[in-house]
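See structure below.
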Ligand code: GLN
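In the numbering used here, the protein residues as written are 14 to 245.
Put into structure tokens, the structure is as follows:
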């Protein structure tokens, strides 16, 4: 081996070793909220799964991490990043100005919007979002759906820890409508066996989902953005 080849081989070996040494078995602590199918839900084996979980697992593997998924309330995801209890939050989380003041977001990975589900009993009185004022609305706590519900019917919003609880309340008629991310509403409608629930035609907002990290962790942010085409 020529000297120059030796130097090159040594450089490659040490670069590989450096990658291996810094990342081997390093655990990426992922905060998620597993009541948001198809993005995250508890699988048949009792373990969180779904689009987001598969995405973060693939990105983490590529960057040399193992993932540890920690299921928590949606409203705990951002605080857990700030206190470094989590390295990453992924939970169908809409990139909002308010959240972007507290955490850093990757480039968007999914385009979404909100929609409204109503109980069929109310179909003659609730035909659009403008008919919701003064009506009791249900939503998941800390979400853009809950914030929008509050704008549509101020002071009349009941919030729940998980989207399924909000769906249940709507089904039994204890609220007139729920405001929630459309893909999750559609998933619920597809699984729903009774025809008690209807979706209104309104689509509210142009949401983009991002993966959130602690504001100081630009290195991790870069890794999560690398080799991934953002949605536009
Ligand atoms: N996209 C909504 C938000 O970011 C809802 C997310 C969720 O409930 N997991 O607020």
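Backbone N, C-alpha and C fix where the C-beta goes; we use that ideal spot for every residue, glycine too.
Predicted model, so just to flag it, every value in this text is computed and none were measured.
Item: If contacts are defined as beta-carbon pairs under 8 Å, then residue 227 and residue 97 qualify, I think. What distance do you get, rounded to the angstrom?; Value: 6 Å
Item: So, at 8 Å on beta carbons, what are the nonlocal neighbours of residue 117 in its own chain, with the 5 sequence-adjacent residues on each side left out?; Value: 225, 226, 227, 228, 230, 231, 234
Item: With a threshold of 8 Å, are at least 3 pairs of Cβ atoms found where one atom belongs to the stretch 133–143 and the other to the stretch 68–87?; Value: no
Item: If I follow the unbroken alpha helix (DSSP H) through residue 157, where does it start and stop?; Value: 157–165
Item: Start and end of the beta strand (DSSP E) containing residue 80?; Value: 78–84
Item: Would you kindly report the start and end of the unbroken beta strand (DSSP E) that includes residue 65?; Value: Residue 65 -> not in any beta strand (DSSP E); alpha helix (DSSP H) instead, spanning 64–75.
Item: Measuring only the C-alpha atoms, how far is residue 171 from residue 121?; Value: 29 Å
Item: May I ask you to check if the CB of residue 89 is nearer than 8 Å to at least one heavy atom of the ligand GLN?; Value: no
Item: Could one say the Cβ of residue 85 lies closer than 9 Å to chain C's Cβ atoms, at least one of them?; Value: As a matter of chain content, chain C is missing from the structure shown, which is built from one protein chain.
Item: Specify, as a first and last residue, the run of the beta strand (DSSP E) that residue 126 falls within.; Value: 123–132
Item: Threshold first: 3 residues or longer. Then list the beta strand (DSSP E) segments lying entirely within the stretch 157–214, N to C.; Value: 170–173, 190–194, 210–212
Item: Tell me the rounded alpha-carbon separation between residue 35 and residue 53.; Value: In this prediction, residue 35 scores a pLDDT of 49, lower than 50, which makes its location untrustworthy; no coordinate-derived value is stated.
Item: Pick helix, strand or coil for residue 231, following the three-state DSSP scheme.; Value: helix
Item: For residue 65, is the classification buried or exposed, using 16 other Cβ atoms within 10 angstroms of its Cβ as the cut-off for buried?; Value: buried
Item: If you run the structure through DSSP and keep just helix, strand and coil, what is residue 39?; Value: strand
Item: Which residues in the same chain have their Cβ closer than 7 Å to the Cβ of residue 198, if we skip the five residues on either side of it in sequence?; Value: 128, 130, 212
Item: Once the 5 residues before and after residue 214 are set aside, which same chain residues still bring their CB inside 8 Å of it?; Value: 141
Item: As a quick exercise: from 109, 113, 104, pick the residue whose alpha carbon is nearest that of residue 95.; Value: 113
Item: For residue 95, name the three-state secondary structure that DSSP assigns.; Value: helix
Item: Hey, how far is the Cα of residue 55 from the Cα of residue 176?; Value: 13 Å
Item: Along the alpha helix (DSSP H) that carries residue 110, what are the first and last residues, could you check?; Value: 110–113
Item: In whole angstroms, what is the alpha-carbon distance linking residue 193 and residue 49?; Value: 10 Å
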